[in-house]
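Under my numbering, the letters of the sequence shown match residues 926 to 1290, in that order. Note that the Cβ used here is the ideal one computed from N, Cα and C, for glycine as well. All of these numbers come straight from a predicted model, not from anything done at the bench. Structure record follows, encoded as structure tokens.
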Amino acid sequence: MWTQTRLTALLGIDLPIVQGPFGGGYSTPALAAAVSNAGALGSLGAANLGPDEILAVVRDIAGRTARPFNINLWVPIPGEDDASIEQSRFDRTVARIAPFLEAAGLPLPTFPIPKAIAFEAQVEALLAACPPVFSFVMGVPDRAILEAARGRGIKTIGTATTVDEAVAIEAAGADAVVASGSDAGGHRGSFLRPVEASLVGTFSLVPQMAKAVRIPVIAAGGVATGAGVAAALTLGADAVQIGTAFLAAPESGAPAAHKALLGTDRARWTRLTRVFSGRFARGIENALMNTLTSDDALPYPMHNALMMPLRRAAAKAGKLDWLALWAGQNAASARLLPAAEIVRLLAEETDDVLAADRLRPRSPA
């Protein structure tokens, strides 16, 4: 049975399907719990949350489901997350985004911009909260952190965009690894090579990674239907991680205007940009993305903090031209359905594809 894999056995879930962990409030306790209750692994991105907030969301999810769920954190990138800039560069960036801020009725930001929440404090809170699964992206935590998680019975999942990153994650002691193809929506998790040198498609990355590591591999990027699930498993994945498809669910925290674009023809046009957060991320093209360039962006997390007021104003007003419309390359296949129904359809479609043996090459006419 396709539903029984090394990943389902490791995590104690019914289906080899993981909901992608969105940050910025796009993943919610309600979404994570709904996915977990449907037999898959629900997730919540906590990169923007402080320690007390992490404790609270873990309690919230645990109060909604008795099934396993996942909390995701971003590992700091040395020399980037703690970078400092001169005011002249700050002023140049502010001048570029000023027309958008003024149109939204927002004040111009002042120098300096606050730093990100300390990763160490987030990890301490996560370990105290003890979620069933801890996933990470942008790097590899210290081995001591992974050992501390294991000592508390927490399973760990790393994120790799290249084979060498997967090997590093396995060597650090993680229990599983996500093969994040360039098709995936949201932020790229590259950490050993520049993002531009780490753009391998999901279905090219998965078989290479499956040969290179012994731990379970989770395919991520471009999977939106049961056909994609079946293809990923056939290529050697032990599970799939699906993000954009779950953004369309009513339980997600994505703005209504963002959800309305998913599943439409416009959702076919995505690309990578740094203009929203300072790190490369894939989203649906809009005016802000087409006006600014990646060179206009400050390093993360400063640029993320700089743009957050505009993104919040855009979400409130339903202004598509200013929103960070995170989405993968298969966003046009998303369906606006409740999370549990999305899980059910994915399982049903995967059953149908594999039962019909549709993945076999067609005979010549």
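Alpha carbon of R1139 to alpha carbon of A1029, nearest angstrom
51 Å
Using 9 Å as the threshold, is the C-beta distance between L1031 and P1234 below it?
yes
Could you say which of I1167, V1165, I1143 and G1153 lies nearest to V1088 if we only look at CA atoms?
I1143
Three-pair Cβ contact test at 8 Å for the region 1108-1118 versus the region 1250-1258:
yes
Rounded to a whole number of angstroms, what is the C-alpha to C-alpha distance between R1287 and A1152?
Only weak support is given to the placement of R1287: the predicted model assigns it a pLDDT of 45, under 50, and the value that follows is read from those uncertain coordinates. One C-alpha to the other measures close to 16 Å.
DSSP state of A1144, grouped into three classes?
strand
Excluding the 5 residues preceding and the 5 following I1002 in the sequence, name in chain order all residues of the same chain whose CB lies nearer than 7 Å to its CB.
M1063, G1064 and F1116
Out of curiosity, what's the CA-to-CA distance linking D1277 and A1156?
13 Å
Within 9 Å, strictly: CB atoms of I942 and L969
no
N995 to A1212, Cα distance in whole Å?
34 Å
Anticipated Cβ contact below 8 Å, F947 with L1261, distance rounded
That pair is no contact at about 16 Å.
Are the Cβ atoms of I1209 and R1191 separated by less than 9 Å?
yes
Nearest CA to the CA of A981: which residue from L1033, C1055, L936 and P1039?
C1055
Tell me whether L1033 is buried or exposed, calling it buried when 16 or more other Cβ atoms sit within 10 Å of its Cβ.
exposed
Going by DSSP, what residues sit across from H1183 in a beta bridge?
Partner(s): none; H1183 has no beta bridge.
Cutoff 8 Å; reference V1268; Cβ partners in own chain excluding five residues on either side
L940, I942, V960, A963, G964 and A965
Give the straight-line distance between the Cα atoms of E1274 and I1167, rounded to the nearest whole angstrom.
15 Å
Three-state class that DSSP yields for R1014 in the structure shown:
helix
Sorted by chain position, which residues of the same chain lie with C-beta nearer than 7 Å to A1093's C-beta, five sequence neighbours on each side aside?
V1065 and L1117
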